[in-house]
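Going line by line, the protein sequences match chains A and B. The letter at position 59 of the first sequence is residue 58 when you use numbering that gives the first Met the number 0, and the numbering goes up by one with no holes. The letter at position 149 of the second sequence is residue 148 when you use numbering that gives the first Met the number 0, and the numbering goes up by one with no holes. In what follows, a structure is listed as structure tokens, so that the remarks can point back to it.
2 protein chains.
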Amino acid sequence: MAYMENIPYDELEVGRSACFSKSLTEDDLVLFAKISGDVNPVHLDEEFARDTLFGGRIAHGMWTGSVISAAVATVLPGPGTIYLEQNLQFRRPVRPGDEITVQLTVSAKLDDAKRHVALDCQVHNQEGVLVAGGDARVLAPAEKVRLEKPELPMITIG
Amino acid sequence: MAYMENIPYDELEVGRSACFSKSLTEDDLVLFAKISGDVNPVHLDEEFARDTLFGGRIAHGMWTGSVISAAVATVLPGPGTIYLEQNLQFRRPVRPGDEITVQLTVSAKLDDAKRHVALDCQVHNQEGVLVAGGDARVLAPAEKVRLEKPELPMITIG
Numbered sequence: 000m001a002y003m004e005n006i007p008y009d010e011l012e013v014g015r016s017a018c019f020s021k022s023l024t025e026d027d028l029v030l031f032a033k034i035s036g037d038v039n040p041v042h043l044d045e046e047f048a049r050d051t052l053f054g055g056r057i058a059h060g061m062w063t064g065s066v067i068s069a070a071v072a073t074v075l076p077g078p079g080t081i082y083l084e085q086n087l088q089f090r091r092p093v094r095p096g097d098e099i100t101v102q103l104t105v106s107a108k109l110d111d112a113k114r115h116v117a118l119d120c121q122v123h124n125q126e127g128v129l130v131a132g133g134d135a136r137v138l139a140p141a142e143k144v145r146l147e148k149p150e151l152p153m154i155t156i157g
Numbered sequence: 000m001a002y003m004e005n006i007p008y009d010e011l012e013v014g015r016s017a018c019f020s021k022s023l024t025e026d027d028l029v030l031f032a033k034i035s036g037d038v039n040p041v042h043l044d045e046e047f048a049r050d051t052l053f054g055g056r057i058a059h060g061m062w063t064g065s066v067i068s069a070a071v072a073t074v075l076p077g078p079g080t081i082y083l084e085q086n087l088q089f090r091r092p093v094r095p096g097d098e099i100t101v102q103l104t105v106s107a108k109l110d111d112a113k114r115h116v117a118l119d120c121q122v123h124n125q126e127g128v129l130v131a132g133g134d135a136r137v138l139a140p141a142e143k144v145r146l147e148k149p150e151l152p153m154i155t156i157g
């Protein structure tokens with residue numbers, strides 16, 4: 000059984016850093032279109048996408064945002080965190096087969112009473128190219144939490 | 000057949016506004032966990048979530064972000080838009096069964112040569128409660144485009 004463990008506010012130090020990686024599959028493009036409602040063919044139709052300036056299908060930019068949010072929610076600070084704000088700059092396309100790595104770094108402890116924390120967010124692909132960056136503001140958990148990672152059900156497309 | 004039509008840069012006027020609505024299903028919680036990697040039980044396990052301060056399962060905050068991105072990409076400016084930046088403030092939880100409506104408003108035409116446009120983004124639930132807000136910066140399309148909306152394949156969970 001896999002577990003997620005958080006880092007409570009009192010244990011967070013400026014400069015503390017953590018990484019979270021995720022690969023993009025062709026199925027993810029379909030699933031993201033489904034849940035967001037963004038059915039643009041640049042994400043779904045290889046033939047159409049080949050004739051765009053991207054030269055092939057690319058991820059929805061906010062897929063990268065969703066992986067940043069997963070890093071915040073599962074790793075730093077992890078379970079019990081409440082997401083307050085996120086700024087994102089989309090720099091380069093992400094393509095099926097790419098693996099992106101989110102690096103989060105605690106940039107400031109903003110408010111000890113409210114437990115507000117600022118996180119620097121940098122996302123690189125497997126070639127070390129910066130694909131997105133930004134800053135998050137979160138309400139960090141007060142208490143240590145260790146949770147079993149739920150198993151997701153099977154998802155079938157088509 | 001449904002179509003998506005964009006609004007090219009030259010036709011965009013400050014104050015122009017458009018809406019895009021999407022309902023959150025229980026399946027969406029599973030699919031968002033799958034594609035993002037955020038498997039926190041507050042999104043997946045009703046029994047666990049009932050004992051949190053939210054009192055039940057809630058959407059991943061970035062699901063709302065993904066619906067904003069869909070509004071930008073399919074409605075205003077629509078197909079051909081390149082997403083540059085997004086700032087998000089998460090205000091209130093969104094729950095399965097909720098329908099959210101993204102209202103986008105052109106707040107500035109920032110650069111005629113680069114076709115950069117700023118959009119104000121406000122997201123309300125079916126009760127009129129503001130659940131998220133923010134600003135987007137996009138590169139608007141130069142040319143009118145009208146595209147068939149691709150049909151998504153069937154997605155089965157479990």
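No residue lacks a Cβ here, since even glycine has one placed at the ideal position from N, Cα and C.
Measure from the C-beta of residue i to each C-beta in chain A and report whether the shortest distance is under 9 Å.
i: K143/B; result: no
i: G157/B; result: yes
i: A107/B; result: no
i: V38/B; result: yes
i: I154/B; result: yes
i: D44/B; result: yes
i: Q121/B; result: no
i: G55/B; result: no
i: P149/B; result: yes
What residue from the options has the CA that sits closest to residue i's CA?
i: G54/B; options: V41/B, T73/B, V66/B; result: V41/B
i: L75/A; options: A117/A, D44/A, E98/A; result: A117/A
i: T73/A; options: G127/A, Q125/A, L103/A; result: L103/A
i: E10/B; options: D111/B, L146/B, C120/B; result: D111/B
i: G79/B; options: K143/B, G127/B, G14/B, A32/B; result: K143/B
i: E25/B; options: E150/B, E45/B, D37/B, T100/B; result: E45/B
i: E12/A; options: V105/A, M61/A, V137/A; result: V105/A
i: T63/B; options: G127/A, P140/A, D37/A, R15/A; result: D37/A
i: A32/B; options: G77/B, V128/B, M61/B; result: M61/B
Just mark residue i as buried or exposed, buried being the case when its beta carbon has 16 or more other beta carbons within 10 Å.
i: Q85/A; result: buried
i: K21/B; result: buried
i: D50/A; result: exposed
i: M153/B; result: exposed
i: L146/A; result: buried
Compare the C-beta of residue i against all C-beta atoms of chain B and say whether one is closer than 9 Å.
i: I67/A; result: yes
i: S35/A; result: yes
i: E84/A; result: yes
i: A17/A; result: no
i: D27/A; result: yes
i: N124/A; result: no
i: H59/A; result: yes
i: M3/A; result: yes
i: T100/A; result: no
i: L103/A; result: no
i: L146/A; result: yes
i: A165/A; result: Here chain A has residues from 0 to 157 only, and residue 165/A is not among them.
i: A48/A; result: no
i: P95/A; result: no
i: K113/A; result: no
i: P140/A; result: no
Rounded to whole angstroms, what's the CA-CA distance from residue i to residue j? Just pull it up for me.
i: Q88/B; j: L83/A; result: 6 Å
i: C18/B; j: I156/A; result: 29 Å
i: G133/B; j: V122/A; result: 21 Å
i: V130/B; j: S68/B; result: 15 Å
i: K148/A; j: M0/A; result: 7 Å
i: E4/B; j: H59/B; result: 29 Å
i: A48/A; j: V128/B; result: 38 Å
i: A141/A; j: E150/A; result: 26 Å
i: H115/A; j: L52/B; result: 17 Å
i: I81/B; j: E126/B; result: 32 Å
i: G77/B; j: A135/A; result: 27 Å
i: G14/A; j: Y2/A; result: 24 Å
Give a yes or no on whether the C-beta atoms belonging to residue i and residue j are separated by under 9 Å.
i: E56/A; j: P7/A; result: The question names Glu, but residue 56/A in the sequence shown is Arg. Not in contact: R56/A and P7/A (Cβ atoms no closer than 9 Å).
i: L43/B; j: L28/B; result: yes
i: I99/A; j: I34/B; result: no
i: A70/A; j: V93/A; result: no
i: N124/A; j: R91/A; result: yes
i: L23/A; j: D97/A; result: yes
i: L138/B; j: K108/B; result: no
i: S65/A; j: S65/B; result: yes
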